[in-house]
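The block underneath contains the structure these notes are about, expressed in structure tokens.
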Amino acid sequence: MTHVLKIEGLHVSVGDKPILRGVDLTINHGETHALMGPNGSGKSTLGLAIMGHPGYTVTGGSISLDGEDVLAMAPDERARAGIFMAFQRPMAIPGVKMADFLRHATTNVRRPDRKEGEELIPMREFRKELKEKMAHLRMDTEFARRYVNDGFSGGEMKRAEILQLAMLQPKFAVLDETDSGLDADAVRLASESIADIGREKMGLLIITHHDKLLVHNPPEFTHVMLGGRLVETGGKELAAELHESGYDRIRSAYPDAEAVNQEMLAEEASV
Amino acid sequence: MGVTPCESRRRSTYSPNCTSQTLMPQTITHQFDAAGFDAFVESRNEPSWLTDLRREAWDHADAMAWPDRRHEEWIRTDNRIFQLKKYGLPAVTSPDVAPKPQMKEGVELGGSIETADSFTVSESLDPELAAKGVIFGDLSRLSEEHEILIREHLFTAFDPDYDKFAALHAAFFSGGQFLYVPRGVVIERPLHIGSMLSDGGTDTTHTLIVLDEGAQATVLHESNGVTADAGGLHIGAVELIQKAGSNLRYVNLQEWGHKTYHFAHQKAIIGRDANLQWTIAAMGSGLSKVNQSVDMVGPGADSQVNGVMFTEGRQHLAYHTQQYHRAPSCHSDFLYKAAQQDKSRTVWRGMIKVDKDAQKTDGYQRNDNLVLSQTSRADSIPGLEIEADDVRCTHGSTTSKVDEEQIFYAQCRGFTRKEATRMIVIGFFQQIFDRITIDSVRDALSDAIARQVREYE
């Protein structure tokens, strides 16, 4: 069976402010989708709504995974169901070692029925796998002993997110600007790493401003978000065009969405 | 008058099980009054110098008023509910309570002392250490044989006139421990002290540790109530006296029952180039008022103080700490981390004090709090009192809640909300664990925290 993540007519608000205004998106397992759009258009909101961030209220529409209602699940249930997001700004958890965090996370995700307090996957087995994956991502093993994202550089945080992606092996992954804040070498490494993990093994939604990630991970579909809606969908050539020429064509082609986008940006700035 | 075990335990507010085998009837006790004091002294068969010391302390205690909210240290801590007359020292025998050794797990010890309700119930010391001149045993028992040594040091780091609790302790201390490590002797294996308190029982143990020049030792000291909820009274004192170049690791795990009163004065006096690592874990008691001080009296003395406090229910733990720089070029590093849940409260009031002559002082003081419920509270009052002009002293205090964004992030990695919160709370204390080099201590502390951490929704 091919897994399907289906988003239909999704409306999302933060507080009483509507951000997403009817998003339709279907991602099949094995497909790579790029999500592009100017600042403030709602790209990250879509990712956070897919994961179930408590600050993002779904006011309409649906998200389903293989027909199961994702919106009825708590964030951890979504993770266990096989949905992952690489955060743009992952949280630090001081005092918790990456290895311990990942061992618990990996256990929960691989054994979705595990009850709290039940055994974790055996330490030896886990260490071996973690070591292999870290070597593959060219990460120093010392990394596993550091506290989760605590004092990490921007590049280290992004690599840590990719390591988690590699360990958790989700069915669907949202990569929220995994390339931002990285220098050219780091972006190439991150891009190659994602390709190495095997994008054919999952459905990918890559949120990006640039097309660097997309060079190594060419999308079958490119979606453009503006004013909380997907205004245009194309192939990888659309991503190339936007990278080349920016969003001017999009802005003028969809004046209503552009007006909403400006409004949202203005509100964000006034907060 | 015949008193059954059940009745005798009515003194305490909590009685888990009347048929419990862990308690013996305590039909005779020495109350904290004049008659009780006379009977107590009479029963002890101690040398006269010690009896005289006690008598003086009792006279002072009797004349002193209880500290109240007019006293700076008691502004935030209400002791009015405490009634001394409910408590007394067992006169005849100790209750038969099983020790709860947590920090001993998997550790080869150099010696061990167990007490129950202020009675020393067992003592042991590796004969090899004894042959090197190490003395480790019951303080009263040793006070005749080692009079010179004990008289020289007893109450030098502890002030019996500090307040009424201190005076009472000086008059009534019992079941104490004395450790002396001679010059240059290095004790590799830890020594262990375990103090048990029966439900409603009283503990007045006095710990006197003296490390002579260049000596080294590790002491693991734990205090436990017979149940997590047990009542009782501890009025205690700890004196750590370090001569030049000595090295002491002292760990104190306090897990008195949650209805126990805990009043303690604890001080270290650290000589030239001596080194102290003092770790305190305060998990137990219902009401605590503890004074902890490290006095650096010789140039180059170094102290590291680590504290973990974790409270629940209606616990109130007040710790007044001092890093007292009395000599130049000393270093003090102080970190207390506290988490409060339910309706509990911690009070930390810390002071770095630097004398005029203590130039080149390097002092650090920090208190972090994690407030885990709407109704819990953390009072954090750092302080500096510096008279020297060439010093480096930094201090800080933080009070925060568990961050919802952290919880969400962990949930996105498959952690339930409960698991995420538990992990974040335990992680909060990790910084202290990172400073502890003894595995069994780290394990005992993290187990104690894991036991206390609530399942949060």
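Heads up: the protein sequence lines correspond to chains A and B, in order. Residue 144 in full-length UniProt numbering sits at position 144 of the first sequence; the count goes up by one each step and never skips. Residue 93 in full-length UniProt numbering sits at position 93 of the second sequence; the count goes up by one each step and never skips. The beta carbon of each residue, even a glycine, is placed where N, CA and C say it ideally should be. None of the values given here were measured: they were computed from a predicted structure.
Close Cβ partners of residue i (< 6 Å) along its chain, the five nearest in sequence each way excluded
i	result
residue 325 of chain B	296, 354, 358, 361
residue 397 of chain B	367, 380, 382
residue 441 of chain B	103, 251
residue 446 of chain B	none
residue 148 of chain A	93, 96, 98, 101
residue 12 of chain A	19, 20, 45, 49, 56, 58
residue 105 of chain B	440
residue 236 of chain A	218, 219
Residue of the options minimising C-alpha distance to residue i
i	options	result
residue 32 of chain A	A:13, A:5, A:255	A:5
residue 388 of chain B	B:89, B:263, B:81, B:328	B:328
residue 304 of chain B	B:279, B:203, B:319	B:279
residue 450 of chain B	B:283, B:414, B:321	B:283
residue 238 of chain A	A:249, A:160, A:54	A:249
residue 198 of chain A	A:119, A:30, A:19	A:30
residue 208 of chain B	B:181, B:189, B:197, B:201	B:181
residue 107 of chain B	B:245, B:400, B:338, B:220	B:220
residue 340 of chain B	B:212, B:124, B:402	B:402
residue 24 of chain A	A:264, A:61, A:39	A:61
residue 241 of chain B	B:249, B:320, B:157	B:157
residue 246 of chain B	B:131, B:184, B:198, B:408	B:184
residue 289 of chain B	B:277, B:321, B:391	B:321
residue 331 of chain B	B:431, B:273, B:249, B:244	B:273
residue 199 of chain B	B:268, B:116, B:131, B:249	B:116
residue 32 of chain B	B:86, B:195, B:343, B:132	B:86
residue 153 of chain B	B:337, B:433, B:243, B:395	B:243
residue 84 of chain B	B:99, B:232, B:155	B:232
residue 420 of chain B	A:53, A:71, A:200, A:105	A:105
residue 134 of chain A	A:108, A:195, A:167, A:114	A:167
Same chain, Cβ closer than 8 Å to residue i, neighbours up to 5 away in sequence not counted
i	result
residue 26 of chain A	4, 5, 6, 7
residue 142 of chain B	135, 150, 178
residue 461 of chain B	A query on residue 461 of chain B cannot be resolved here, the shown segment of chain B reaching from 1 to 457 and no further.
residue 9 of chain A	22, 23, 24, 60, 61, 62
residue 454 of chain B	312, 341, 342, 372
Residue j beta carbon less than 7 Å from that of residue i
i	j	result
residue 166 of chain B	residue 64 of chain B	no
residue 266 of chain B	residue 238 of chain B	yes
residue 88 of chain B	residue 51 of chain B	no
residue 173 of chain B	residue 206 of chain B	yes
residue 228 of chain A	residue 42 of chain A	yes
residue 169 of chain B	residue 204 of chain B	yes
residue 207 of chain A	residue 183 of chain A	no
residue 452 of chain B	residue 312 of chain B	yes
residue 263 of chain B	residue 175 of chain B	no
residue 272 of chain A	residue 86 of chain A	Look at the range of chain A in this structure, 1 to 271, and you will see that residue 272 of chain A is not part of it.
residue 114 of chain B	residue 236 of chain B	no
residue 308 of chain B	residue 268 of chain B	no
residue 377 of chain B	residue 345 of chain B	yes
residue 431 of chain B	residue 395 of chain B	no
residue 165 of chain A	residue 173 of chain A	yes
residue 343 of chain B	residue 429 of chain B	no
Own chain partners of residue i with C-beta closer than 7 Å, once the 5 adjacent residues on each side are dropped
i	result
residue 386 of chain B	354, 393
residue 253 of chain A	none
residue 257 of chain A	226, 227, 229, 231
residue 111 of chain B	124, 125, 126, 129, 136, 191
residue 261 of chain A	38, 40, 41, 226, 227
residue 210 of chain A	179, 243
residue 17 of chain A	267
residue 152 of chain A	160
Heavy atom of the ligand ADP within 6 Å of residue i beta-carbon
i	result
residue 44 of chain B	This structure lacks the ligand ADP, and indeed carries no ligand of any kind.
Original post:
What beta strand (DSSP E) runs, 3 residues minimum, are completely inside the stretch 371 to 440 of chain B?
Top reply: 377 to 381, 384 to 386, 391 to 400, all fully within the stretch 371 to 440 of chain B.
Original post:
Is the stretch 219 to 226 of chain B touching the stretch 250 to 266 of chain B, taking contact as three or more C-beta pairs under 8 Å?
Top reply: Touching, per the Cβ criterion.
Subject >> Sequence ranges, alpha helix (DSSP H) only - wholly within the stretch 176 to 240 of chain A, length at least 4 >> reply: As far as the stretch 176 to 240 of chain A is concerned, its whole alpha helix (DSSP H) runs of at least 4 residues are 184 to 197, 212 to 216.
Original post:
Where in the stretch 285 to 310 of chain B do unbroken runs of the alpha helix (DSSP H), each at least 4 residues long, occur, reported from the N-terminal end onward?
Top reply: Annotation note: the stretch 285 to 310 of chain B contains no uninterrupted alpha helix (DSSP H) run of length 4 or greater.
**OP:** Just list the beta strand (DSSP E) runs in the stretch 251 to 284 of chain B, keeping only unbroken ones of 3 residues or longer that don't cross its boundaries, in chain order.
**Re:** Segments of the beta strand (DSSP E) lying fully in the stretch 251 to 284 of chain B: 259 to 270, 275 to 282.
**OP:** Count the C-beta pairs between the stretch 183 to 194 of chain A and the stretch 213 to 228 of chain A that are closer than 8 Å, then say yes if the count reaches three, no if not.
**Re:** With the cut-off at 8 Å, the stretch 183 to 194 of chain A and the stretch 213 to 228 of chain A touch.
**OP:** Report the residue ranges of all alpha helix (DSSP H) runs contained in full by the stretch 122 to 186 of chain B; include only those spanning at least 4 residues, in chain order.
**Re:** Correct list: 127 to 131, 139 to 145, 147 to 153, 164 to 172.
Subject >> Secondary structure, beta strand (DSSP E): runs of 3+ residues fully inside the stretch 15 to 66 of chain A >> reply: With a minimum length of 3 residues, the unbroken runs of beta strand (DSSP E) contained wholly in the stretch 15 to 66 of chain A fall at 17 to 28, 32 to 36, 56 to 65.
Original post:
Counting Cβ pairs closer than 8 Å, one from the stretch 84 to 91 of chain A and one from the stretch 119 to 138 of chain A, do we hit at least three?
Top reply: Cβ pair count under 8 Å is below three, so no.
**OP:** Assess, as a yes-or-no matter, whether the stretch 154 to 166 of chain A is touched by the stretch 34 to 46 of chain A under the definition of 3 or more beta carbon pairs within less than 8 Å.
**Re:** Flag = no, the stretch 34 to 46 of chain A and the stretch 154 to 166 of chain A do not touch.
Original post:
Is there contact between the stretch 408 to 415 of chain B and the stretch 64 to 84 of chain A, where contact requires at least three CB pairs shorter than 8 Å?
Top reply: Yes: the two stretches touch, three or more of their Cβ pairs being nearer than 8 Å.
Original post:
Counting Cβ pairs, one atom from each stretch, are 3 or more of them under 8 Å apart for the stretch 88 to 102 of chain B and the stretch 32 to 45 of chain B?
Top reply: Touching, per the Cβ criterion.
**OP:** Starting from the N-terminal side, write out each stretch of the beta strand (DSSP E) that is 3 residues or longer and does not extend beyond the stretch 68 to 123 of chain A.
**Re:** The beta strand (DSSP E) runs lying completely inside the stretch 68 to 123 of chain A and spanning 3 residues or more are 83 to 86, 93 to 97, given in chain order.
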